[in-house]
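Report on the following structure.
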Amino acid sequence: MSNKKFSFEIDKKSNEAPLARVGVIHTPHGDIQTPAFIPVGTKATVKALSVEDIKKTLGQAVLANTYHLYLQPGADIVASHGGFAKMMHWESEIKNEDGQLEKVCLPTFTDSGGFQVFSLGAAYDTGVSKIATSAQLSAKQKQTTDDKGEVKIKSSKTQMARIDEDGVTFKSFINGSYHRFTPETSMQIQHALGADIFFAFDECTSPLASREYQISAMQRTHRWAKRCIDEHKRLGISSATGEQQALFAVVQGGAFDDLRKESAETLGAMDFDGFGIGGSFTKEDMGKTVKSATENLPEGKPRHLLGIGEPIDFFLGVEYGIDTFDCVSPTRVARHGNIYAPDGKINITNAKYKNDMSQISNDESSPYYNYTKSYLHHLFKAEEMMAATIASAHNLYFLIKIVSDIRQSILDDRFFEFKKSFCDRYYNGKY
RNA sequence: GCGUCGGUGGUAGAGUGGUCAAUUACAACAGACUGUAAAUCUGUCGCCCUACGGGCUUCGUUGGUUCAAAUCCAACCCGGCGCA
């Protein structure tokens, strides 16, 4: 048991970007230096990585998922372990007052299941992700007037999630059984999972949803937010860890600036410990959408940009006031053979790397920097499991390092200089 | 030597007169992936072109039957098995 409480302190506000800041999130299980990238470990494991690997990537926290852990192994089992951090041994050894080594858990997040409302609902089997392409948007716009859009947006008839005012009915992707999630059950499960920071149950909308739908979904998310706070207060401390948990709201409103503002103001007036920016938008206007949210949120509370992102997203997010990020991309693309490199992402499975004796990274702090591209290429071709491990650790480190470097650049008053030098190289001058 | 079965695209292996440039799998080549139904999914995979169409060359070799052959016939070459 720890007597440390959740809090957030801003150490420095950027002299260059009005909304950007450097800070520290204090949790009962340790601090998170922000801005920070949080690795995703959906089922209480960052896929392909040991806890030691995660530490080598300099990950400060792990984010797990309510829906997945509820289905498997079950929230009660996680709670019996003392929470998911303890279950996965996301902990470090410290010397206590008696000089004895003692294991203490490290910071954790859980997502609420709100993303699955989208990924198993509107997005199910449609090929639409939370970042819409302009082609998808224009095809969708055409659909309303003309049914022959070039990009076909498949409308799914077999969604795995259905929403109503009270909650969401999910069909298990494991065995097809039905499960009911409400704001209250999401809170109960997340209390059992025991993360330091957890999210209100929201509805992540499709980037292709109409403005009318975005409004009604946002308003429902606001009503659910109130129910989440009430249930969280009723539940008190985590049943799994015995610690106080911090509850973050999720700002919605799609790509509409006025809705983002309304959502931020509405949720900002409620008693949340921090805020997630959720939902969807196109790549092009992500920055302004985030800005519309953050500039209307209470300044002194942390903001998390849910499910983002890629290198450029970190620069945009931090510039507009984001403190933490999470994203499955680095580990997912890693398993598919893509690794981040200073000049852009490369596909290590490409034939040109078969005999490439250069190292996968020139950064000696990167967990597996000294393996050759040729070796990693071979591991992928041979379908060896270490391919996923090396690539995942490498990618996570690469992204965590960018955000960490952004943090330092704000402290040094050279944020835009760093952004330019990074993007000039990584994106070949774009951005 | 006799008998018998078989030789198909990088590999395995379908097809046994037209709908076959040839099912399928694997390999190969490339692409996608943003709060993880994802160690997944998609595309290409004989050659050439003015490429949602057209031309050319392919199913051991050679010759033949037929309007039409990977598919039928003959000879030959090669391989497995059986008997000498």
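What the first sequence shows, in my numbering, is residues 1 to 431, in sequence order. Using N, Cα and C, we set each Cβ at its ideal position, and we do this for glycine too.
| field | Backbone CA spacing between Met160 and Phe199 [nearest angstrom] | value | Start at 1 with the first residue of the first sequence, and residue 160 comes out as number 160. Start at 1 with the first residue of the first sequence, and residue 199 comes out as number 199. When rounded, the separation of the alpha-carbon atoms in Met160 and Phe199 is 21 angstroms.
| request: With DSSP collapsed to three states, give me the class of Ala61. | output: Start at 1 with the first residue of the first sequence, and residue 61 comes out as number 61. Three-state result, Ala61: coil.
| field | Simplified DSSP assignment, three categories, for Phe416 | value | Translated into the one-based positions of the first sequence, residue 416 becomes position 416. It is helical.
| field | Best match in Pro207, Ala246 and Ile237 for proximity to Asp285 [C-alpha to C-alpha] | value | Taking the first residue of the first sequence as 1, we reach residue 285 at position 285. Nearest option by C-alpha distance: Pro207.
| First and last residue of the uninterrupted beta strand (DSSP E) at Phe8 | On the first sequence, residue 8 is found 8 positions in, with the first residue counted as 1. Its beta strand (DSSP E) spans residues Ser7 to Lys13.
| said: Please state whether the Cβ-Cβ distance between Ser263 and Gly253 is less than 8 angstroms. | reply: Translated into positions along the first sequence, residue 263 becomes position 263. Translated into positions along the first sequence, residue 253 becomes position 253. Result yes, Cβ atoms of Ser263 and Gly253 sit closer than 8 angstroms.
| query | Between which two residues does the beta strand (DSSP E) containing Phe181 stretch? | reply | Along the first sequence, read from residue 1 onward, the residue named residue 181 stands at position 181. Unbroken beta strand (DSSP E) run through Phe181: Tyr178 to Phe181.
| Below 8 angstroms, can you find three or more Cβ-Cβ pairs linking the region 281-296 to the region 229-236? | Taking 8 angstroms as the limit for Cβ pairs, the verdict is that the region 229-236 does not touch the region 281-296.
| request: To the nearest angstrom, report how far apart Thr185 and Thr66 are at their CA atoms. | output: Indexing the first sequence from 1 puts residue 185 at position 185. Indexing the first sequence from 1 puts residue 66 at position 66. Rounded to the nearest angstrom, the two C-alpha atoms are 10 angstroms apart.
| query | Hey, Gly321 and Thr294 are a contact pair by Cβ (cut 8 angstroms); roughly how many whole angstroms apart? | reply | Position 321 of the first sequence, counted from the first residue, corresponds to residue 321. Position 294 of the first sequence, counted from the first residue, corresponds to residue 294. By a beta-carbon distance limit of 8 angstroms, Gly321 contacts Thr294. Their separation comes to about 4 angstroms.
| message | If distances are taken between C-alpha atoms only, which option among Ala249, Gly278, Lys261 and Arg220 comes closest to Met270? | response | Indexing the first sequence from 1 puts residue 270 at position 270. Nearest of Ala249, Gly278, Lys261 and Arg220 to Met270, Cα basis: Ala249.
| query | To which residues of the same chain is Leu306 closer than 6 angstroms at the C-beta, ignoring the five residues directly before and after it? | reply | The residue given as residue 306 occupies position 306 in the first sequence. Contacts found: Gly276 and Gly278.
| task | Mark Thr158 as exposed unless 16 or more other C-beta atoms lie within 10 angstroms of its C-beta, in which case mark it buried. | result | Translated into the one-based positions of the first sequence, residue 158 becomes position 158. It is exposed - the Cβ of Thr158 has fewer than 16 other Cβ atoms within 10 Å.
| Mind checking whether Pro330 and Phe422 have CB atoms under 8 angstroms apart? | Translated into the one-based positions of the first sequence, residue 330 becomes position 330. Translated into the one-based positions of the first sequence, residue 422 becomes position 422. Not closer than 8 angstroms, so no.
| query | Does the distance from the C-beta atom of Gln33 to that of Val24 stay below 8 angstroms? | reply | Looking up residue 33 in the first sequence gives position 33. Looking up residue 24 in the first sequence gives position 24. In this structure, Gln33 lies near Val24, with their beta-carbon atoms less than 8 angstroms apart.
| task | Assign Arg183 to buried or exposed, taking buried as 16 or more other Cβ atoms, counted over all protein chains shown, within 10 Å of its Cβ. | result | By one-based count along the first sequence, residue 183 stands at place 183. The sequence given here has Pro at residue 183, not Arg. If you draw a 10 Å sphere on the C-beta of Pro183, you find 16 or more other C-beta atoms in it, and that means buried.
| said: Measuring only the C-alpha atoms, how far is Asp98 from Phe84? | reply: The residue labelled residue 98 in the question sits at position 98 within the first sequence. The residue labelled residue 84 in the question sits at position 84 within the first sequence. Rounded to the nearest whole angstrom, the C-alpha separation of Asp98 and Phe84 is 27 angstroms.
| said: According to DSSP, is Ile336 part of a helix, a strand, or is it coil? | reply: By 1-based counting over the first sequence, the position of residue 336 is 336. In the sequence under discussion, the amino acid at residue 336 is His, which differs from the Ile named in the question. His336: coil per DSSP, three-state reduction.
| message | Taking 8 angstroms as the cut-off, does the region 390-397 touch the region 328-348 (at least 3 CB pairs, one atom from each stretch)? | response | Taking a cut-off of 8 angstroms on C-beta distances, the region 328-348 touches the region 390-397, as three or more cross pairs fall below it.
| field | Three-way DSSP call (helix, strand, coil) for Glu326 in this model | value | Taking the first sequence and counting its residues from 1, one reaches residue 326 at position 326. This sequence places Asp at residue 326; Glu is not what is there. Strand, per DSSP.
| task | Kindly list the residues whose CB is nearer than 6 angstroms to the CB of Thr221, restricted to its own chain and excluding five residues on each side of it in sequence; keep chain order. | result | If you number the first sequence from 1, residue 221 lands on position 221. For Thr221, the CB contacts under 6 angstroms within the same chain, skipping 5 residues up- and downstream, are Asp202, Glu203 and Gln252 in chain order.
| message | Looking only at its chain, what residues have a beta carbon closer than 8 angstroms to the beta carbon of Thr144, apart from the 5 residues adjacent to it on each side? | response | Reading the first sequence from its first residue, position 144 is the one you call residue 144. Below a pLDDT of 50, predicted positions are generally treated as unreliable, and Thr144, at 49, falls in that range; the measurement from the model is reported next regardless. Closer than 8 angstroms at Cβ, skipping near neighbours: no residue.
| field | C-beta contact flag for Ala36 and Val403 at 8 angstroms | value | Translated into positions along the first sequence, residue 36 becomes position 36. Translated into positions along the first sequence, residue 403 becomes position 403. In this structure, Val403 lies closer than 8 angstroms to Ala36 by Cβ.
| query | From what residue to what residue does the beta strand (DSSP E) around Leu101 run? | reply | Along the first sequence, read from residue 1 onward, the residue named residue 101 stands at position 101. For Leu101, the uninterrupted beta strand (DSSP E) run begins and ends at Leu101 to Cys105, by DSSP.
| field | At least three beta-carbon pairs within less than 8 angstroms, the region 115-124 to the region 72-90 | value | They do not touch, by the three-pair rule.
| Does the region 361-375 come close enough to the region 403-420 that 3 or more CB-CB pairs lie under 8 angstroms? | The region 403-420 makes no contact with the region 361-375, as fewer than three CB pairs between them are under 8 angstroms.
| task | Keeping to the same chain, check which residues put their C-beta closer than 8 angstroms to that of Val128; ignore five residues upstream and five downstream. | result | Residue mapping note: residue 128 aligns to position 128 of the first sequence, counting from 1. So the qualifying residues of the chain are Ala122, Gln136, Ile153, Ser206, Pro207 and Leu208.
| task | Output the boundary residues of the beta strand (DSSP E) element that contains Gly274. | result | For this step, residue 274 is matched to residue 274 along the first sequence. Where Gly274 is concerned, the enclosing beta strand (DSSP E) stretches over Gly274 to Ile277.
| query | Between the region 104-117 and the region 81-96, do at least 3 Cβ pairs fall closer than 8 angstroms? | reply | Yes, the region 104-117 is in contact with the region 81-96.
| task | Can you tell me which of the three DSSP states Ala209 falls into? | result | Against the first sequence, residue 209 aligns to sequence position 209. Here Ala209 sits in coil by DSSP.
| Do you know how far the Cα of Asp356 is from the Cα of Ile197? | Your numbering for residue 197 matches position 197 in the first sequence. Your numbering for residue 356 matches position 356 in the first sequence. Those two C-alpha atoms are separated by around 43 angstroms.
| message | I'd like to check one pair, Ala240 with Ala79: are the Cβ atoms closer than 8 angstroms? | response | To locate residue 79, count along the first sequence from 1; it is residue 79. To locate residue 240, count along the first sequence from 1; it is residue 240. The answer is yes: Cβ separation under 8 angstroms.
| query | If you check the beta carbons only, do Ala64 and Ala195 fall under 8 angstroms apart? | reply | Taking the first residue of the first sequence as 1, we reach residue 64 at position 64. Taking the first residue of the first sequence as 1, we reach residue 195 at position 195. Going by beta carbons, Ala64 and Ala195 fall inside the 8 angstroms limit.
| Simplified DSSP state of His191, which is helix, strand or coil | Residue 191 sits at position 191 when you count from the first residue of the first sequence. Helix.
| query | What is the DSSP secondary structure of Asn347, reduced to helix, strand or coil? | reply | Locating residue 347 in the first sequence gives position 347, where the first residue counts as 1. In the three-state reduction of the DSSP assignment, Asn347 falls in the strand class.
| Looking only at DSSP bridge pairs, what is Ile197 linked to? | Translated into the one-based positions of the first sequence, residue 197 becomes position 197. Answer is Phe109 and Ala246, bridged to Ile197.
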